[in-house]
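Take the position in the sequence shown, starting the count at 1, then add 29; the result is the number in the working numbering. Don't be surprised by glycine CBs; every beta carbon is placed ideally from N, CA and C.
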Amino acid sequence: MLIRPHREDLRLIGYNLGRILVVVAAAGLIPLTWALVAGEFAPGASFLLMIGIFGTLGFFLMQRPPQASRLEWSHGMVIVSLTWLIVPAIGAIPLELSGHYGSFIDPFFDAMSGLTTTGLALIQDLDHLATSLNFWRHLLHFLGGQGIVIAVLSLFAGGGAMTLYYGEARDDQIFPSVRSTARFIWLVSAVHAFFGIVALGAVGYFVLGFRPFRALFHGVTIFMAAFDTGGFAPQSTSIGYYHSGSFEAVTAVLMVAGALSFGLHYALWRGRHQVINNLEVRTILSTFLGTLLLTLGGLASSGAFDSLRGLSRQGFFQVLSAHTGTGFATVPSLELASWGGLAFGGMAIAMALGGMGSSTAGGVKSLRIGLTLKALSSQVRQVLLPEGAVISNRYWHHGWRQLNSDLIQAVMGVSLLYVALYLLGAGAGLMYHLPLQSALFESVSAGANVGLSVGITDPSMPSVLKLIYAFQMWAGRLEFVAIFSLFGFLISLVRGK
């Protein structure tokens with residue numbers, strides 16, 4: 030029987046949840062300022078309402094500080110799970126009031142997609158959305174990718190704060206202090222933001238002929254979606270809108286940067302030469318090359334492109350977008366839906382595998398794939414080698430580590446949960462008579478937080494399917510442990526003794 034949470038547990042959870050909501054309220058001042066400067070007063074009023082609700086709820090929860098300040102593991106997991114439900118619900122208010130959505134499920138779906146850095150969208154007439162609202166959609170990517178909790182840890186880190194860090198599905202503690210680790214993540218983001226926005230803005234201004242403000246707007250929004258592997262774009266045709274190889278190249282660099290773990294960023298910044306020995310680096314390079322060859326082979330055999338240049342350029346960008354979990358596209362959804370056979374297999378596998386752990390990418394993660402393959406290799410060698418032979422289970426991941434049975438069990442458990450999550454959405458799609466290939470593609474895209482679509486995600490799709498995809502985005506982003514903790518907490522609250 031689960032033990033019923035004490036009143037002090039509720040205060041501890043509520044107080045820390047309140048601090049997070051106050052930080053989000055402060056972040057809402059950015060699109061509010063944008064709206065006022067741009068003269069978009071109706072969106073500005075909706076942002077003011079949203080900020081008021083975030084702030085009021087946050088300060089209300091902080092009125093009863095707990096006696097104990099140290100967070101236990103279960104507290105942190107519950108706080109993170111609730112954060113990823115409450116923020117999209119309130120953050121959807123400006124989207125709902127914009128007139129670009131149907132029922133409230135649609136803006137909630139988009140807000141969840143933004144915060145979980147997925148990129149699937151139900152918005153209507155995106156090309157005429159107010160710039161401040163478009164900016165807010167992308168800022169949700171930035172908040173979710175860098176982690177709302179990371180901002181809180183940078184400001185308020187205290188006892189047990191590491192549980193919040195782990196709750197956001199991060200495990201690279203770069204520095205002994207969680208606050209120092211959080212601030213390093215923001216430093217990495219700030220440096221990439223400067224160079225990324227400048228590069229994208231320069232291409233927009235000098236190559237595409239955009240006016241300065243328009244170049245800046247596209248530079249800022251595409252940076253946030255690319256580096257946070259989100260997939261939202263300010264135009265309905267995604268990256269295909271720009272028709273620019275140089276714009277795609279800069280975007281590709283940012284997508285790769287976002288899919289790398291922050292631990293690897295630290296190693297690269299320090300100039301360490303053992304990066305290539307990292308199991309996760311070798312794994313992601315191998316899986317990317319494998320899925321790229323599968324996709325290009327499938328496209329070549331189907332005759333989808335008339336030229337080798339078009340085949341390689343479009344195929345490379347789509348696979349990179351899928352594997353990094355970004356969700357940008359340079360081809361229309363209907364054209365992507367026509368990619369069958371090996372091309373479909375390559376794209377689906379790339380999305381399912383995802384980027385590195387402790388990054389902004391989704392999916393199973395390369396480290397888990399690498400550890401699974403190493404465990405299988407060890408089992409095979411144990412069978413083939415003479416009895417008594419010593420088999421090394423060491424691997425390099427920012428230092429030598431030992432692959433033990435507990436780690437293998439944890440890796441396999443989470444990997445199987447991702448497979449189950451993908452099958453859940455695919456089964457739901459089949460219930461609504463979707464073709465198997467399309468149902469599986471869309472489900473993997475939602476569960477792996479990618480955002481590529483073959484046209485299934487649409488305002489007209491059934492509400493149940495929208496909610497299932499939203500659940501997949503939520504569970505996939507938090508990697509299940511925090512979700513299970515929340516469910517256990519709620520069950521114990523109702524039925525515990």
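The straight-line gap separating the alpha-carbon atoms of V51 and L77 is approximately 14 Å. The C-beta separation of G356 from G480 comes to about 2 Å, placing the pair in contact by the 8 Å criterion.
Contact between L432 and L400 holds: CB atoms are separated by about 6 Å, below the 8 Å threshold.
Cβ atoms of G73 and G47 stay farther apart than 8 Å, at about 25 Å.
Note on geometry: alpha-carbon atoms of R524 and T320 lie some 47 Å from one another. DSSP places Y424 in the strand class (E or B) of the three-state scheme.
If you compare the alpha carbons of V66, G230, R397 and V409 with that of S444, the shortest gap goes to R397. Note on Q175: 16 or more other CB atoms within 10 angstroms of its CB, so buried under the neighbour-count rule.
Across the structure, L293 and G260 are spaced so that their CA atoms are roughly 23 Å apart. Between T210 and S387, the alpha-carbon positions lie close to 12 Å from each other. Note on T112: 16 or more other CB atoms within 10 angstroms of its CB, so buried under the neighbour-count rule. For R430, the enclosing beta strand (DSSP E) has its first and last residue at W429 to Q431. Counting every other CB atom within 10 Å of its CB across the protein chains shown gives T146 a total of 16 or more, marking it as buried.
8 Å or more divides the Cβ of H129 from the Cβ of D156.
The C-alpha of L515 lies about 16 Å from the C-alpha of R40. Here DSSP, grouped into helix, strand and coil, assigns S492 to helix. Burial is judged here by how many other beta carbons sit within 10 angstroms of a residue's own beta carbon; E37 has fewer than 16 and is exposed. In the three-state DSSP reduction, E69 falls in the coil class, being neither helix nor strand. Straight through space, the alpha carbons of E309 and L405 are spaced by roughly 16 Å.
For F373, the uninterrupted alpha helix (DSSP H) segment begins and ends at G370 to L382. Of the candidates T250, I214, S218 and F213, the residue whose Cα lies closest to the Cα of L229 is T250. DSSP places S103 in the helix class (H, G or I) of the three-state scheme. The alpha carbon of V493 has as its nearest neighbour, out of S132, Q408 and W102, the alpha carbon of S132.
In the three-state reduction of the DSSP assignment, G43 falls in the helix class. Under the three-state reduction of DSSP, Y234 is assigned to helix. Counting other Cβ atoms within 10 Å of its Cβ, S218 reaches 16 or more and is therefore classed as buried.
Here L328 is near G344, since their CB atoms are less than 8 Å apart.
The residue among A64, P94 and L496 with its C-alpha nearest the C-alpha of Y44 is P94. Under the three-state reduction of DSSP output, H247 falls in the helix class. Where L158 is concerned, there is no enclosing alpha helix (DSSP H), because DSSP gives it neither an H nor an E. Assigned with DSSP and collapsed to three states, S265 falls in coil, not helix or strand. Comparing alpha carbon positions, the residue from Q96, L168, D257 and G143 closest to L61 is L168. For F518, the closest alpha carbon among the candidates I82, G374, A97 and V109 is that of V109. Of the candidates P117, F70, L65 and A97, the residue whose Cα lies closest to the Cα of I82 is P117. By the criterion of a C-beta distance shorter than 6 Å, L365 is surrounded in its chain by V483, once the five residues flanking it on both sides are discounted. The beta carbon of I512 lies closer than 8 Å to those of S110, W503 and A504 in the same chain, with the five residues before and after it left out.
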